[in-house]
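**Q** My numbering applies: residue -4 is where the sequence shown begins, and numbers increase by one. Note that the Cβ used here is the ideal one computed from N, Cα and C, for glycine as well.
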Amino acid sequence: MKRRDFFRQGLGATVAAGASLMLGNVKHAFSLNPAPPGPEFDMVAIKGDDPAAMFDEGIKAMGGISTYVSPGQTVVVKPNIGWDTSPERAANTNPQLIKRIVEHCFEAGAKQVYVFDNTCDEWTKCYDNSGIKKAASDAGAKIIPGNTESYYRSVRIPNGKKLKEAKVHEQILDSDVFINVPVLKNHGSAKLTIAMKNLMGIVWDRRYWHRNDLHQCIADFITYKKPLLNIVDAYRVMKRNGPRGVSVEDVVQLNTQLISSDIVAIDAAAAKVFGLDPMDVGHIRIAHEMGSGNIDLDELNIKRIKL
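Below is the structure:
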């Protein structure tokens, strides 16, 4: 589906007119087992009132979770759990979305599903007050910490320009499947937090990134590690005062969810949902230029669902 056709079908060009969803995919896997045939669509964009039901329909259009998770595999589901705030503040990923993703993984035969983040606020409060600990636990996931350096192992990033090495959480390194579930929101330094920026929660020393060209470091890291699947939570979106926010007054309701394996394309599409040109977000542009995914949303095959 071309962009001009997608616009005609709805979702507007800006946040004021409605979320503009122009989506696509370049297949990138993190799995120890051979991947099954890929989905028909490069990306799915869903509008609806229930994040869990939205994921049900979206992942069905992508061929089902079994396209990504095979029986007996271990899975990491990585939300944004960085902040000690309630779900209504939209600083963290929607807990009901996380619960449903975990349930789908177990339905596909996953041996174990792990959920964690290297949080910014005190980690136990973030896990509890975000609602993610309870939601993920209720679905059967194992909640693990990310607050101690001993959980991380050094890796080389040979294609990095500014970021040459990083310490990555052992669960990311040891699990079969990595699913990335960021929340879309404003960020003072990176302009936006979406899928690529969410990977700062799987490394130990984020401060180095901030001191050494944040946008380039974000783009550098994905030359080493891309998730098998990205699911962007744009149900509630923090439009200002990110990444933590001040109150619910910072939040708008966009009732949107995006699913794709192309981390660059999904960030480009989410930037459009937010109301920005993805070329104006440094790490999205740089990652495209480095060949890590496709920012050119005209080229992508899109499935649009409205519930």
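What whole-angstrom Cβ distance do Asn89 and Asp112 have, given they're in contact under 8 Å?
**A** Not a contact, Cβ separation roughly 14 Å.
**Q** Output needed for Arg151: all residues of its chain with C-beta closer than 6 Å, excluding positions within five of it in sequence on either side, in chain order.
**A** Once the five neighbours on either side are set aside, the close Cβ partners of Arg151 are Glu160.
**Q** Helix, strand or coil: how does DSSP classify Asn296 here?
**A** Correct three-state label for Asn296: coil.
**Q** Please name the residue or residues paired with Gln248 in a DSSP beta bridge.
**A** BP columns for Gln248 point to Arg231.
**Q** For Gly19, count neighbouring Cβ atoms within 10 angstroms of its own Cβ and tell me buried if that reaches 16, exposed if not.
**A** Confidence at Gly19 is low in this model, with a pLDDT of 36, below 50, so its placement is unreliable and the value that follows should be read with caution. The residue is buried, with at least 16 neighbouring Cβ atoms inside 10 Å.
**Q** Are there 16 or more other CB atoms within 10 angstroms of the CB of Met274, so buried, or fewer, so exposed?
**A** Exposed is the call here.
**Q** Take the Cβ of Val97 as the centre, count every other Cβ of all protein chains shown within 10 Å, and call the residue buried at 16 or more, exposed below.
**A** Looking at its Cβ environment, which holds 16 or more other Cβ atoms inside 10 Å, Val97 is buried.
**Q** For Val110, tell me which candidate among Ala282, Ala85, Pro177 has the shortest Cα-Cα distance.
**A** Answer by Cα proximity: Pro177.
**Q** For Leu18, which three-state DSSP category applies?
**A** Its pLDDT being 38, under 50, Leu18 is placed unreliably by the model, and nothing is read from it.
**Q** Please report the straight-line C-alpha distance between His210 and Arg280, rounded to a whole angstrom.
**A** The straight-line gap from Cα to Cα measures roughly 9 Å.
**Q** Rounded to whole angstroms, how far is the Cβ of Ser256 from the Cβ of Leu224, which I believe are closer than 8 Å?
**A** At roughly 6 Å, the Cβ-Cβ gap stays under 8 Å, so Ser256 and Leu224 are in contact.
**Q** Taking a contact to mean a Cβ-Cβ separation below 8 Å, would you say Lys106 touches Gln166 in this structure?
**A** Their beta carbons are not under 8 Å apart, which means Lys106 does not touch Gln166 by this criterion.
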